[in-house]
Amino acid sequence: MDASRRTDDEQAARWNGPAGNAWVDLQELLNEMFRPFEELLVEAVAAEHAGSVLDVGCGTGGVTRAVARRAGHCVGVDISGPMIETARAHAEREGVPASFIQADAQEYAFDPGAFDAVVSRFGVMFFSDPVRAFGNLRSAVRDGAGLRCVVWRGPGENPFMTTAERAAAPFLPDLPARRPDQPGQFAFADPERVRRILAESGWAGIDIQPVDVVCALPEKDLVTYFTRLGPLGMVLPGADERTRAEIVEAVRPAFDPFVQGTEVRYTAACWMVSARAAAAKLS
């Protein structure tokens, strides 16, 4: 099995297992915390006057539904069965013009030229072959269609996102290290790498701008947040109760710099990535 296939299998197992279930369980918390990015993407789509939009890595469909209300129709795609099932249920209950596909957007055979725009909130950093993935997304849109993605900048600019694993490191020496050249949260931290990926996959007019947004969550939900999500959320379920309690006791104070009364507040340092589908070359 080659490395790309192995990575794809690992991502599928992760998002159809613990990570996907955690996002479903915490969907209200996460959607509210990342609401400012949803609003940025909805406004970008509105400016495009797009009629049909593809939301990549849609998760439980919060952005998909918001875009659908504004654009007229939005299709969400995600590899996670639990999240797609939840997204469909929300859309049906709310009666919004949104539909969903459980698939790997890197491989899925979208109808050529079916979409007027592509959006993603933190959903495009997990591809094993990003050039292939964005090439596939290019084939799914018409010439000139817009791409708008929000991705994380580096861990050094996002200390909140690595606080739990740094504080837990003495207890979990085998905690997997984050690698910027591998699929994951910070895979698109290097803007020049992102430019190369997009240029090689059929996108032009590439623009990458820093976006710094203050996000918040209730302090009462903080322990649930760091024990269910991220690298710590992947390993804690396998720890015994004593070890788990020791880790929580050590990690919780590490978040004190972000606690303001009943809220936890931090700055999310991200890139807003914009591009347009280059005109197809005549053979």
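In terms of our numbering, the sequence shown has 1273 at position 273, counting the first letter as 1, and numbering is strictly consecutive. Using N, Cα and C, we set each Cβ at its ideal position, and we do this for glycine too.
Query raised in the report: Looking at C-alpha atoms only, which residue of Arg1142, Leu1222 and Arg1121 is the closest neighbour of Ala1164?
Result: For the purposes of this step, residue 1164 is identified with residue 164 of the sequence shown, where counting begins at 1. For Ala1164, the closest alpha carbon among the candidates Arg1142, Leu1222 and Arg1121 is that of Leu1222.
Report task. List the endpoints of the continuous alpha helix (DSSP H) containing Val1042. Result -> Walking along the sequence shown from the start, residue 1042 turns up at place 42. Here the alpha helix (DSSP H) through Val1042 covers Arg1035 to Glu1048.
Query raised in the report: Taking buried to mean at least 16 other C-beta atoms within 10 Å of its own C-beta, is Ser1283 buried or exposed?
Result: Here residue 1283 refers to the residue found at position 283 of the sequence shown. In this predicted model, Ser1283 has a pLDDT of only 41, less than 50, meaning its place in the structure is not dependable enough to derive any value.
Report task. Report back the beta-carbon spacing between Ala1204 and Arg1276 to the nearest angstrom; my notes put them in contact at under 8 Å. Result -> Along the sequence shown, one-based indexing puts residue 1204 at 204. Along the sequence shown, one-based indexing puts residue 1276 at 276. Your pair Ala1204 and Arg1276 checks out as a contact, with CB atoms roughly 6 Å apart and the cut at 8 Å.
**Report entry** Alpha-carbon spacing of Tyr1108 relative to Gln1260, whole angstroms
**Finding:** Sequence index remark: in the sequence shown, residue 1108 carries index 108 (1-based). Sequence index remark: in the sequence shown, residue 1260 carries index 260 (1-based). Here the alpha carbon of Tyr1108 sits roughly 44 Å from the alpha carbon of Gln1260.
Query - C-alpha distance - Ala1103 paired with Ile1084, whole-angstrom precision - result: Position 103 of the sequence shown, counted from the first residue, corresponds to residue 1103. Position 84 of the sequence shown, counted from the first residue, corresponds to residue 1084. Those two C-alpha atoms are separated by around 10 Å.
Query - Opening and closing residue of the beta strand (DSSP E) in which Thr1267 lies - result: Along the sequence shown, read from residue 1 onward, the residue named residue 1267 stands at position 267. Thr1267: member of the beta strand (DSSP E) spanning Glu1263 to Ala1277, first to last residue.
Query - For Ala1169 and Arg1242, the rounded distance between their alpha carbons - result: Looking up residue 1242 in the sequence shown gives position 242. Looking up residue 1169 in the sequence shown gives position 169. Their backbone Cα atoms lie some 16 Å apart in a straight line.
Report task. Select from Val1042, Phe1037 and Gly1059 the residue whose C-alpha is nearest the C-alpha of Gly1051. Result -> In the sequence shown, counting from the first residue as 1, residue 1051 sits at position 51. Minimum Cα distance to Gly1051 is reached at Val1042.
Requested in this report: Determine the extent of the alpha helix (DSSP H) in which Pro1018 is found, giving its start and end residues.
Outcome: Within the sequence shown, numbered from 1, the residue matching residue 1018 stands at position 18. Taken as a continuous stretch (DSSP letters only), the alpha helix (DSSP H) holding Pro1018 covers Pro1018 to Asp1025.
Requested in this report: Report the rounded CA-to-CA distance for Pro1112 versus Val1056, giving the unit in angstroms.
Outcome: As a first step, residue 1112 is located in the sequence shown; it is residue number 112 there, counting from the start. As a first step, residue 1056 is located in the sequence shown; it is residue number 56 there, counting from the start. The straight-line gap from Cα to Cα measures roughly 16 Å.
Query raised in the report: Looking at C-alpha atoms only, which residue of Asp1256, Glu1048 and Pro1253 is the closest neighbour of Phe1115?
Result: The residue given as residue 1115 occupies position 115 in the sequence shown. Taking only the C-alpha atoms, the option nearest Phe1115 is Glu1048.
Query raised in the report: Hey, out of Pro1018, Tyr1225, Gln1011 and Ala1013, whose CA is closest to Met1161's CA?
Result: Start at 1 with the first residue of the sequence shown, and residue 1161 comes out as number 161. That would be Tyr1225, whose Cα lies nearest to the Cα of Met1161.
Query raised in the report: Mind checking Thr1060: buried by the 16 CB within 10 Å criterion, or exposed?
Result: Locating residue 1060 in the sequence shown gives position 60, where the first residue counts as 1. Within a 10 Å sphere around the beta-carbon of Thr1060 sit 16 or more other beta-carbons, which makes this residue buried.
Report task. Out of Gly1095, Gly1146, Ala1091 and Gly1233, state which residue places its alpha-carbon closest to the alpha-carbon of Val1053. Result -> As a working note, residue 1053 is residue 53 in the sequence shown. The residue with the shortest Cα to Cα distance from Val1053 is Gly1146.
Query raised in the report: Contact check, Ala1068 vs Glu1038 under 8 Å by CB: the rounded distance?
Result: Working through the sequence shown from its first residue, we reach residue 1068 at position 68. Working through the sequence shown from its first residue, we reach residue 1038 at position 38. Contact between Ala1068 and Glu1038 is ruled out by a C-beta separation of about 12 Å, above the 8 Å threshold.
Query raised in the report: Along the chain, where does the alpha helix (DSSP H) that runs through Leu1137 open and close?
Result: One-based indexing of the sequence shown puts residue 1137 at position 137. Run containing Leu1137: Pro1130 to Ser1139, per the alpha helix (DSSP H) assignment.
Requested in this report: Look at Cys1074 and Val1150 and say whether their C-beta atoms are less than 8 Å apart.
Outcome: Position 74 of the sequence shown, counted from the start, is the residue given in the question as residue 1074. Position 150 of the sequence shown, counted from the start, is the residue given in the question as residue 1150. No, the pair does not count as a contact, with Cβ atoms beyond the cut-off.
Report task. For Leu1236, name the three-state secondary structure that DSSP assigns. Result -> Numbered from 1 along the sequence shown, position 236 holds the residue referred to as residue 1236. Three-state result, Leu1236: helix.
**Report entry** Per DSSP, the bridge partner or partners of Phe1100
**Finding:** Along the sequence shown, one-based indexing puts residue 1100 at 100. Among the bridge pairs identified by DSSP, Phe1100 is matched with Gly1076.
Query raised in the report: Taking contact to mean at least 3 C-beta pairs separated by less than 8 Å, is the stretch 1091–1106 in contact with the stretch 1174–1188?
Result: Cβ pair count under 8 Å is below three, so no.
**Report entry** Buried versus exposed call for Asp1078 [16 or more other C-beta atoms within 10 Å across all chains shown]
**Finding:** Position 78 of the sequence shown, counting from 1, holds the residue named residue 1078. The residue in question, Asp1078, is buried, as its Cβ has 16 or more Cβ neighbours within 10 Å.
Report task. State the Cα-Cα distance for the pair Arg1252 and Leu1030, rounded to the nearest angstrom. Result -> In the sequence shown, the residue the question calls residue 1252 occupies position 252. In the sequence shown, the residue the question calls residue 1030 occupies position 30. Taken atom to atom, the span from the alpha-carbon of Arg1252 to that of Leu1030 is near 19 Å.
Query raised in the report: Smallest Cα separation from Ala1117: which of Val1141, Ala1105, Ala1098 and Ile1101?
Result: Position 117 of the sequence shown holds residue 1117. The closest CA to that of Ala1117, considering only Val1141, Ala1105, Ala1098 and Ile1101, is found on Val1141.
Query raised in the report: Which runs of the alpha helix (DSSP H) spanning at least 4 residues fall entirely within the stretch 1166–1241, listed in chain order?
Result: Entirely contained in the stretch 1166–1241, the alpha helix (DSSP H) runs reaching 4 residues are, in chain order, 1191–1200, 1222–1228 and 1230–1235.
Query raised in the report: What's the gap between the Cα of Pro1191 and the Cα of Glu1157?
Result: As a first step, residue 1191 is located in the sequence shown; it is residue number 191 there, counting from the start. As a first step, residue 1157 is located in the sequence shown; it is residue number 157 there, counting from the start. One C-alpha to the other measures close to 14 Å.
Report task. Alpha carbon to alpha carbon, how far is Val1264 from Leu1217? Give it in angstroms, no decimals. Result -> Along the sequence shown, one-based indexing puts residue 1217 at 217. Along the sequence shown, one-based indexing puts residue 1264 at 264. If I take the Cα positions, the gap works out to 5 Å.
**Report entry** Ala1098 beta carbon less than 8 Å from that of Trp1152
**Finding:** Position 152 of the sequence shown, counted from the first residue, corresponds to residue 1152. Position 98 of the sequence shown, counted from the first residue, corresponds to residue 1098. Taking 8 Å as the cut-off, the beta carbon of Trp1152 is found no closer than this to the beta carbon of Ala1098.
Report task. Would you kindly work out how many angstroms separate the C-alpha atoms of Val1063 and Arg1138, rounded to a whole number? Result -> Locating residue 1063 in the sequence shown gives position 63, counting from the first residue. Locating residue 1138 in the sequence shown gives position 138, counting from the first residue. Cα-Cα distance, rounded: 20 Å.
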